[in-house]
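Remarks on the structure that follows.
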Amino acid sequence: MKNIGTHFKKQQGLAAIEFTLVLPFLLLLIFASAEFGRLLYQYNALNKTVRDASRHLSSNVKFGDTGNITIKDSVSAEVKSLIQFGQISSANALFPNLSDEDISLAISGDFIVVTVNYDWQPIFSQTFTTFGLGNDIDLSFPLVSTYTMRAL
54 MKNIGTHFKK
64 QQGLAAIEFT
74 LVLPFLLLLI
84 FASAEFGRLL
94 YQYNALNKTV
104 RDASRHLSSN
114 VKFGDTGNIT
124 IKDSVSAEVK
134 SLIQFGQISS
144 ANALFPNLSD
154 EDISLAISGD
164 FIVVTVNYDW
174 QPIFSQTFTT
184 FGLGNDIDLS
194 FPLVSTYTMR
204 AL
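The following block contains the structure:
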């Protein structure tokens, strides 16, 4: 019986050591899953705002005498505000670092095309370090959303 008791005493701190060895990998897995979920959420929100802005633009374009479509500057500003803030007049940005230059409005025949190039940035780290084994890996990449709608 004494052998079992001494065996447990030798094993007593082993679980804590194993936990400290596995913890960094578990945290990396949890944070990577959280970032991927945030990426999907922001991509979905970007698609919805671009779709809503395209609907707003398609119903507010101006038709010329010859049937050509033109976009007024005021409507263009409203569309860009819808994409950036989710409303025509708001101060809370939906997407950090999204500027007017990232939003493109185009006309192709009877269709309007709204394109947004958003550089997605992770929360936890901008780069993944390789600890001197090469160049650091940039974790940001562009999210592109394009909607084409017929002008009403």
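Position in the sequence shown (first residue = 1) + 53 = the numbering used here.
Don't be surprised by glycine CBs; every beta carbon is placed ideally from N, CA and C.
What you are looking at is a predicted structure, and each value in this text was computed from that prediction instead of being measured.
- Less than 7 Å separates the beta-carbon of Thr180 from that of Asp189.
- For Pro77, the secondary structure class from DSSP, reduced to helix, strand or coil, is helix.
- In the three-state DSSP reduction, Phe184 falls in the coil class, being neither helix nor strand.
- Taking every protein chain shown into account, the CB of Ala146 has fewer than 16 other CB atoms within 10 angstroms, so this residue is exposed.
- Scanning the stretch 131 to 180 for uninterrupted beta strand (DSSP E) segments of 3 residues or longer gives 156 to 161, 164 to 173, listed from N- to C-terminal end.
- In this structure, Gly139 and Thr102 form a Cβ contact; the two beta carbons are roughly 6 Å apart against a cut-off of 8 Å.
- Where Leu196 is concerned, the enclosing beta strand (DSSP E) starts and stops at 194 to 203.
- Taking Ser107 as the centre and dropping the five residues before and after it, the same chain places the C-beta of Val167, Tyr200, Met202 closer than 6 Å to its C-beta, in chain order.
- Shown here for Glu71: not one same chain residue has a beta carbon closer than 6 Å to its own, the five before and five after excluded.
- When secondary structure is reduced to three states using DSSP, Ile190 falls in the strand class.
- Bridge pairing for Lys115: Thr123 [DSSP].
- Ser143 is positioned such that its CB atom lies no closer than 7 Å to that of Val169.
- DSSP, read as helix, strand or coil, puts Gly66 in coil.
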